[in-house]
Structure formats: structure tokens, C-alpha cells
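What follows is a set of notes on a single structure, which appears directly below.
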Amino acid sequence: MATKKYRAGRVLAVFLILVLALGGTLLVGVLTKKAKPTPSLALDLEGGTQLILTPKANAASEAKRAVTAEDITQAIEVIRQRIDASGVSEAEITSQGNSNILVSLPGNPSKETLDLVRQSAELYFRSVLRSAPGVPHSVIAQQAAQQQAGKTAAPKTNVDPKAFAKQAADINKDGKISDQPASQPKDNSDDAWITEKVIEEFYAKDCTQKSSLEGGSSGDIKKPLVACASDGHEKYILSPAEVSGARISSAESGMGTGASGQSTGQWVVNLAFDKQGATQFGNTTTRLFKFRNQAVQGQNGLPAGQNNDKNRFAIVLDGLVVSAPGVNNAITNGKAEISGSFTRSSATALANQLKFGSLPLNFDVQSEQQVSATLGANQLRYGVIAGIIGLILVVFYLIWQYRGLALVAVGSLVSAGGLLYLVLTLLSWSMGYRLSLAGIAGVIVSIGTTADSFIIYFERIRDEVRDGKALSSAVSVGWDRAKRTIITSDLVNILAACVLYFLAVGGVQGFAFTLGVTTLIDLALIFIFTHPMMVWLLRFKFYSDGHKLSGLDPEHLGAQRGTYRYVGAGKVRKIRSVYKAKPEEDSKEPSENKAEQTEAGNKDSNQDDAATDELAKVSATDQEEEK
Numbered sequence: 055m056a057t058k059k060y061r062a063g064r065v066l067a068v069f070l071i072l073v074l075a076l077g078g079t080l081l082v083g084v085l086t087k088k089a090k091p092t093p094s095l096a097l098d099l100e101g102g103t104q105l106i107l108t109p110k111a112n113a114a115s116e117a118k119r120a121v122t123a124e125d126i127t128q129a130i131e132v133i134r135q136r137i138d139a140s141g142v143s144e145a146e147i148t149s150q151g152n153s154n155i156l157v158s159l160p161g162n163p164s165k166e167t168l169d170l171v172r173q174s175a176e177l178y179f180r181s182v183l184r185s186a187p188g189v190p191h192s193v194i195a196q197q198a199a200q201q202q203a204g205k206t207a208a209p210k211t212n213v214d215p216k217a218f219a220k221q222a223a224d225i226n227k228d229g230k231i232s233d234q235p236a237s238q239p240k241d242n243s244d245d246a247w248i249t250e251k252v253i254e255e256f257y258a259k260d261c262t263q264k265s266s267l268e269g270g271s272s273g274d275i276k277k278p279l280v281a282c283a284s285d286g287h288e289k290y291i292l293s294p295a296e297v298s299g300a301r302i303s304s305a306e307s308g309m310g311t312g313a314s315g316q317s318t319g320q321w322v323v324n325l326a327f328d329k330q331g332a333t334q335f336g337n338t339t340t341r342l343f344k345f346r347n348q349a350v351q352g353q354n355g356l357p358a359g360q361n362n363d364k365n366r367f368a369i370v371l372d373g374l375v376v377s378a379p380g381v382n383n384a385i386t387n388g389k390a391e392i393s394g395s396f397t398r399s400s401a402t403a404l405a406n407q408l409k410f411g412s413l414p415l416n417f418d419v420q421s422e423q424q425v426s427a428t429l430g431a432n433q434l435r436y437g438v439i440a441g442i443i444g445l446i447l448v449v450f451y452l453i454w455q456y457r458g459l460a461l462v463a464v465g466s467l468v469s470a471g472g473l474l475y476l477v478l479t480l481l482s483w484s485m486g487y488r489l490s491l492a493g494i495a496g497v498i499v500s501i502g503t504t505a506d507s508f509i510i511y512f513e514r515i516r517d518e519v520r521d522g523k524a525l526s527s528a529v530s531v532g533w534d535r536a537k538r539t540i541i542t543s544d545l546v547n548i549l550a551a552c553v554l555y556f557l558a559v560g561g562v563q564g565f566a567f568t569l570g571v572t573t574l575i576d577l578a579l580i581f582i583f584t585h586p587m588m589v590w591l592l593r594f595k596f597y598s599d600g601h602k603l604s605g606l607d608p609e610h611l612g613a614q615r616g617t618y619r620y621v622g623a624g625k626v627r628k629i630r631s632v633y634k635a636k637p638e639e640d641s642k643e644p645s646e647n648k649a650e651q652t653e654a655g656n657k658d659s660n661q662d663d664a665a666t667d668e669l670a671k672v673s674a675t676d677q678e679e680e681k
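Numbering (my numbering), first residue to last: 55 to 681.
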């Protein structure tokens, strides 16, 4: 059965298309001013903004107490979550004893990002008064009109959401939007809390906008609040705060249990309140339970709500609703179970939000200043100089050791460097990646891995040439032997990078990320550039004839013309020069040659003596063939 011919040119064309695609994407980003032509740099290389925050107990905590080390640790986790959510990478957040938190942000962070860092971690439980889809009410009204008129009706366009909201919120039609309740609210579920100002904000709220999902202040705890769900799918009118998150004593995720104690197979979040929180939460759930299975109708100019709205309470973290469950029973023992369509990860995330959000701290900004990257810039400059010197020495060594094969080696290094530059620049644009000194260390390590890959490949080819194989067979068999070693080595690096990335933070994480990316590039490059380039070069007589400067000269590698080797079973084989091999010998299957070599290698050395007579018999015949 004929084997399929390897198309080196097609593989190299795929490599070229890949490079052009990446380069073209970056060029479009640069021309549209959405991307920079270079990778973004981290704090240690570019400098940035440094804030020193002093935590203190906030007003939500009636009991005045000192800030503990545990509070500082939780505060750092809260700030880290906010910064990661804003898309800023390579930020440094550390503690200064038990008194301050040092936050260092690379580059020029936006005002919104700085506000996220400065604000306190505030979590409150509020009753839900109304809810609606997260889009502006002008869109909801257009969709309803379209459905009523039929599918063929065209929706209205150019409707100003703010103008629509203002018109709808003016209940008494006096042209003014009041912020005062029409009457004194009886409790936190009373519609009297919904003022014209609240209606206007609720109608105009667009939770699909990124700015609406960045969070912020939780508002005045004594007044109603219009807030979005953290996923943007819903918006709410909420009552004044019922219970502070500071009253949560614990929050854990796990499998729910039924009345008999058996697992339900569903993930839930279990909450526990302190004594005061248990009383407040008990009063709230007792009131909300009365509204179970009651629809909320719009009346007297007030917006309509979704079914069972007033049976729900919202968990508000930094101005966003992270969950809004309904109340199935009055909970008076201070222990609540939140159930729903949770997965393991979503239940764990909510539990962490409840724990972190219950932190009773505010932050005072002690200082905010720009920091330079003088030290990092110097280290980068010296590192680049050292890298260039090292690269030059490596190139000279490759030329001395591998001669003409150095063309493939240098081409592989240049291609790896170009691909890495494009990938890191695109990652900086798409996901906010920043290159740090630790990341540069990962690049340097991976360059060594790239060099090791083609060195293994070259040495396998040269081993086959020494064994007397024709050059085409030597490349084929050498590639089969080398690729397994290369894949194993790269997979070990990728595994190590993944472990470091998910278990570490800060600079170590940056090192792991860059190491993983560069190793993946090396793995792809050996298949789509190094090997096909080697096969393609065999088309040239300089390499195919085994020129002395090609790096594939059999005599230089120790394969002597006209010598014999015992191959077992009383047989010997003459080792011929690669560039003098006959065409029919070049077409010999690599597997056959390999089997012969293996068989020969398994014989004892004492068999060599037994082959001496046989060698003498065939020597005269081979000399005649030479003539």
C-alpha cells in the first residue's frame, strides 16, 4: 500500500496564512486605534498608580471594634475580585501590617477602576418592590406594542429612553419629578417608597450597558434603591436596607438536604446570622412570606412587577444584586438556605460573595501617587542586551555545529519570536494581558525549549545518517523518533505552567502564563515550520547530496563509504554514502531499515567473530560492484 506523500509546501503555506491572519488582525486594531502595536507592560516595566488604603469599621457595624488581620485578608480578596472583573491584569495588592493595604495598578487606570478600589465592601439585604427585564422600559413598551399589533408591525425607532421614563414617571402630570413619598410608608414592602424619581430611574435603567454592571455605592440604606442584577438580565426597585451583611456569621455552599436528611442532589448556599441579624431577617421573611403567590399589578401610575416580586429579597453587593430568591417560609432561627439552579461553581461564588461582602470595613485613601518604572526599565534594557548577545552566540554555535542546518534553526527561532510577539500583543488587546519581568523570564525559558526541540530533531536525523540511511529516509525516521520526545517535553512544561497559574498569584502567575503560551507556540512551530522546512530543503542539491557544509555529510558524521556492518542471521550490509545512494535504495521503507538495525543491536558481541568469514566471502563481490 502506497504511503501518502508529505506536502511540505502546503504546510508552510498554512504557517504563512496563520502569520498573515494574526498580523492582519493586529493591523486592523492599530488602524482603528483599538489596539497598540506593542504588548502592554506591567507595573514593574511601565509604572502606574499606587494607592494606600486604611481600613476602618463602617457605620453598619454598631459594635465598634479594631480591624483584625483577617479583615485585612478579606479586604484584599474583595479588591482583587473587583480589579480582575474590571479587566486590569498584573495588579499588585499587598498588606502593610494590620493597618494599611497597598494597591498598585499598572499604566493609567480609569476613574471607574480607581473608584472600584476606593469604595467599601457593602452588602445588604433589601426587599424587592418591583422587577423587570434589564432593558429600558421604552424597549419593553415597543416590544409589547409590536406583539399586540402582530409580527408584521414595525417597531418604533429613535425613542429616547430618558424622555420616555420622565413622561411615564410624572404621575400627577405637573411636569415635575418628585422624590418624596406620596404617603408615609407602613413597612418596607409598602409601595409608598416608590416615588416619581424612583420610577424615572427604574424606567430608564439599562442593565445591558457595561457601566451599569460595574457596581459602586450601595446607596443610602434608609432609602429605596434601583439596581441591576449582576448578570444584567433583571433590574429592581428595592426597599430600604433590612439586614446588613455584617450580620452574616457564615456562608457555605453544599448539597441541599430534605426533611428526612437525605441529599436532594442540588447545590445550595447556607447562611447563618448572628443574634441581631437573625431577629432582623426573621421579621423580614415573616412579612415577605405573606406575599407568596401574589402578582404585583401596576396601579395609580406605579409600574407593574413580575409575579411574586414582593415575596423576594435581594442580596445587594456594592450596588449590584447578586441573588434575589423568594421566601418559602418564615425563617426565625437565623439559618437560611438559598436554593435555585445552582452549579457547584455558582454556589461557591455566591457563598464567597456573601462572606467577602459582609466585611464591615470602609477605606480611607491615605495617599494616591504615580510610580515610575526606572528599576524595571533598566532591568528590561539590560535583559534585552544580554538576550541579544546570547542569541548571537547561539547562532554562531549553531553554524559551527550544524553548518547548513543552522538556516532551519535560526528560521525557527525567528518564527517563534515573531509569533510570540503577535500573540502577546493580541492578548494585551483582547484580554488585558500585561508583560512583566516574570513574564520575560518565562519567555527566556521557553526560548531554550524551542532550541531544544530542533536540536533533538537534528540529532535524530544525523543519527540515521550515521547508520547509513539515505537522506530522505533519515529525515522521515528521525522525525518519527524526535516528535515523540518533543511532544512529551512540551507537555511537561504546559502541565507545570497550568499548575503554577491556577495555584499562584502575582508575578509567579505571570511567569506561568507566558511559559504556557510560548510552549504552545513551540509545539505548533515544530509541526508547521521546522519539519516542513527541513523536508522542503531536501529539494536543493546542496542538502540532498550531503554537501560538506550542509551539516549532513555522511563522512563528516562518521559514516564511512565501503564499510560493512553485521546485521544478524549471518548477514552483513554495506554502508554507502547518502549522496551516492541508488534511487531504489532511497525508496526503501524506513520501517525495514529500522527492523534490521534493531535486530543487529540485539546480538551479542561474540557474533562478530562468527561473521568474519562471511564478510571475507562477500568482500570480493562488493569490490567488483564498486568497479
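Even glycine gets a Cβ: it sits at the ideal position worked out from N, Cα and C.
Given the structure is predicted, the values throughout are model-derived calculations rather than measurements.
As assigned by DSSP and simplified to three states, the class of V497: helix
Sequence-distant residues of its chain with Cβ nearer than 7 Å to E391 (five each side left out): G310, V322, N324
A258: first and last residue of the uninterrupted alpha helix (DSSP H) it sits in: 250-258
Going by Cα to Cα distance, which pick from H191, A217, V370, G312 is closest to D274? V370
Would you call S284 buried or exposed, if buried means 16 or more other Cβ atoms sit within 10 Å of its Cβ? buried
Anticipated Cβ contact below 8 Å, S232 with A246, distance rounded: The Cβ separation is near 12 Å, so there is no contact.
What's the call for R61, buried or exposed, on a 16-neighbour Cβ count within 10 Å? exposed
Give the DSSP bridge partners of L105, in chain order. Under DSSP, L105 takes part in a beta bridge, and its partners are V157, E422.
Assumed close pair T345, N361 - CB separation to whole angstroms, cut-off 8 Å: Before going further, note that residue 345 is Phe rather than Thr in the sequence given. So it is not a contact: roughly 11 Å between Cβ atoms.
Which of the three DSSP states, helix, strand or coil, is assigned to S399? Here S399 carries a helix assignment [DSSP, helix/strand/coil].
DSSP three-state call for N382: helix, strand or coil? coil
8 Å Cβ cutoff met for L107 and V142: Contact: no.
Check S192 in the structure and name its three-state DSSP category. helix
Measure how close the beta-carbons of A332 and G388 come, nearest whole angstrom, since I'm counting them as under 8 Å. 3 Å
Answer yes or no: do I253 and A223 have a C-beta to C-beta separation smaller than 8 Å? yes
Per DSSP, the bridge partner or partners of T148: L156
Are the beta-carbon atoms of L183 and S293 separated by less than 8 Å? yes
Whole-angstrom distance between I71 and V438, CA atom to CA atom: 29 Å
Whole-number beta carbon distance between F367 and L342, since they are thought to touch under 8 Å: 6 Å
Are L213 and Q196 touching if we call contact CB-CB under 8 Å? First, the residue type needs correcting, since residue 213 is Val and not Leu in the sequence shown. Contact check for V213 against Q196 passes: the beta carbons are separated by less than 8 Å.
Compare the beta carbon distance of M588 and G465 with 8 Å and say whether it is the shorter of the two. no
Which of the three DSSP states is assigned to D335 in this structure? Inspection of the sequence shows that residue 335 is occupied by Phe rather than by Asp. Helix at F335.
Alpha carbon to alpha carbon, how far is A56 from S527? In this prediction, A56 scores a pLDDT of 48, lower than 50, which makes its location untrustworthy; no coordinate-derived value is stated.
Under 7 Å Cβ to Cβ from T4, same chain only, skipping five residues before and after it: list those, please. The first residue shown for the chain is 55 and the last is 681, placing residue 4 beyond what the model contains.
Below 6 Å CB to CB, which residues in the same chain sit around G286 once its five sequence neighbours on both sides are set aside? The answer, listed in chain order, is G188, C261, T262, L267.
With respect to the beta strand (DSSP E) encompassing T86, which residues constitute its N-terminal and C-terminal limits? Neither: T86 is in no beta strand (DSSP E) and is coded neither H nor E.
Status (buried if at least 16 other CB within 10 Å, exposed otherwise) for E176: buried
According to DSSP, simplified to helix, strand and coil, what is V462? helix
Of the choices A505, S530, T504, whose alpha-carbon is the least far from that of R516? The alpha carbon of R516 has as its nearest neighbour, out of A505, S530, T504, the alpha carbon of S530.
Reduced DSSP secondary structure (H/G/I, E/B, other) of G310: strand
How would you write the range of the beta strand (DSSP E) that R488 sits in, first residue to last? Neither: R488 is in no beta strand (DSSP E) and is coded neither H nor E.
Beta-carbon spacing of L97, E131 below 8 Å: With contacts defined as CB atoms closer than 8 Å, L97 and E131 fail to qualify as a contacting pair.
Identify the continuous beta strand (DSSP E) that holds S377 and give its terminal residues. 374-377
Taking the alpha-carbon positions, what's the I541 to L574 distance? 10 Å
Between the stretch 369-386 and the stretch 349-357, are three or more C-beta pairs nearer than 8 Å? no
Please name the residue or residues paired with Y290 in a DSSP beta bridge. According to DSSP, Y290 bridges with S185, A281.
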